[in-house]
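Heads up, the thing below is written out as structure tokens.
In the numbering used here, the protein residues as written are 826 to 1099.
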């Protein structure tokens, strides 16, 4: 139960997420026609009919489940950037990335997911990370733990002295300045690689399959669900300013995520050049 909204049926939210994927995403997986794929900011920033239709589906179903709520979705914000301001208002907000990993989705790679998080006054209360092609649903409710397909998960800690496995912002989506900052992770004891779907990278950290993440962009739809999932699994996160990343404010970037506090701090220190 979410104490702020006790009447909200969390199982109905899960059903809505699954239905959006079943109706709008999976029938188009590996079936996209050329005219169903468009570019946004460039050739690596893609959007498909599945992204748009799934977000429309989720917007309708989620606001029915929680009357008075708003939706901040990736495609809605692309069409109207002022939508993002709802994150700083008083109404509860659904943060939606209908297809996280659109590049993978377009190429026929199953490594994509649908991300939904519920936030209120900047606090992330619940999250759903659904990878329909992998048949995995990760959920988290603040204070109640993290789960995958109903089984509780824990991030744990890296083995002492082990090389840290870190996924970082993909170079296709980073500025030259970001690349210079992220290159500080290229040190002995760290094995850094470009990230795929941000949501699935967060899930790997929550499961202890990756040790940490380093991201240089602030888009709430990429991070909200995963940040709660990692926190409820026992992980930690921090911006380079030494404070937690929040969806309702401007953040010092990049920010670090770790399986535990010490790992997050180590990645943050490297990003700061310490």
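All C-beta atoms in this analysis are idealised placements derived from N, C-alpha and C, irrespective of residue type, glycine included.
Nearest-angstrom Cβ-Cβ length linking residue i and residue j, presumed shorter than 8 angstroms
i	j	result
residue 1037	residue 991	5 angstroms
residue 923	residue 960	Actually they do not touch by this definition, with Cβ atoms about 18 angstroms apart.
residue 1081	residue 1039	6 angstroms
residue 1093	residue 1068	Actually they do not touch by this definition, with Cβ atoms about 10 angstroms apart.
First through last residue of the beta strand (DSSP E) which encompasses residue i
i	result
residue 930	Element bounds for residue 930: not the beta strand (DSSP E) but the alpha helix (DSSP H), 927 to 932.
residue 1082	1080 to 1083
Selected residue, minimal CA-CA separation from residue i, among the options
i	options	result
residue 876	891, 1056 and 937	937
residue 931	958, 944 and 1068	958
residue 980	923, 870 and 1061	1061
residue 853	989, 934, 838 and 827	934
residue 939	989, 907 and 843	843
residue 829	845, 1059, 917 and 1077	917
residue 947	1075, 1091 and 1088	1075
residue 1054	1025, 1068 and 1073	1025
residue 1000	1078, 857, 846 and 914	1078
residue 846	993, 874, 928 and 863	874
residue 1014	1027, 968, 1072 and 1091	1091
residue 1035	983, 1022 and 941	983
residue 893	855, 907 and 915	915
residue 859	871, 866, 848 and 849	871
Proximity of residue i and residue j at Cβ, strictly below 9 angstroms
i	j	result
residue 1048	residue 1020	no
residue 887	residue 896	yes
residue 1012	residue 1083	no
residue 1007	residue 1063	no
residue 1050	residue 949	yes
residue 838	residue 941	yes
First and last residue of the uninterrupted alpha helix (DSSP H) at residue i
i	result
residue 828	Premise fails: residue 828 is in no alpha helix (DSSP H) and is neither H nor E.
residue 900	899 to 904
residue 1066	Note, residue 1066: premise wrong, no alpha helix (DSSP H); not H, not E.
residue 908	Careful: residue 908 lies outside any alpha helix (DSSP H) and carries neither H nor E.
residue 1046	1045 to 1058
residue 1096	1086 to 1096
Cβ of residue i within 9 angstroms of any chain D Cβ
i	result
residue 1003	Reference to chain D is not applicable here, since this structure consists of a single protein chain.
Inside the stretch 974 to 1029 only - beta strand (DSSP E) runs reaching at least 3 residues: Complete beta strand (DSSP E) runs here, min 3: 976 to 978, 989 to 993 and 1015 to 1019.
Would you mind listing the beta strand (DSSP E) stretches within the stretch 827 to 876 that are 3+ residues and don't spill past its ends, in chain order? If we require 3 residues or more, the beta strand (DSSP E) runs fully inside the stretch 827 to 876 come out as 862 to 867 and 870 to 873.
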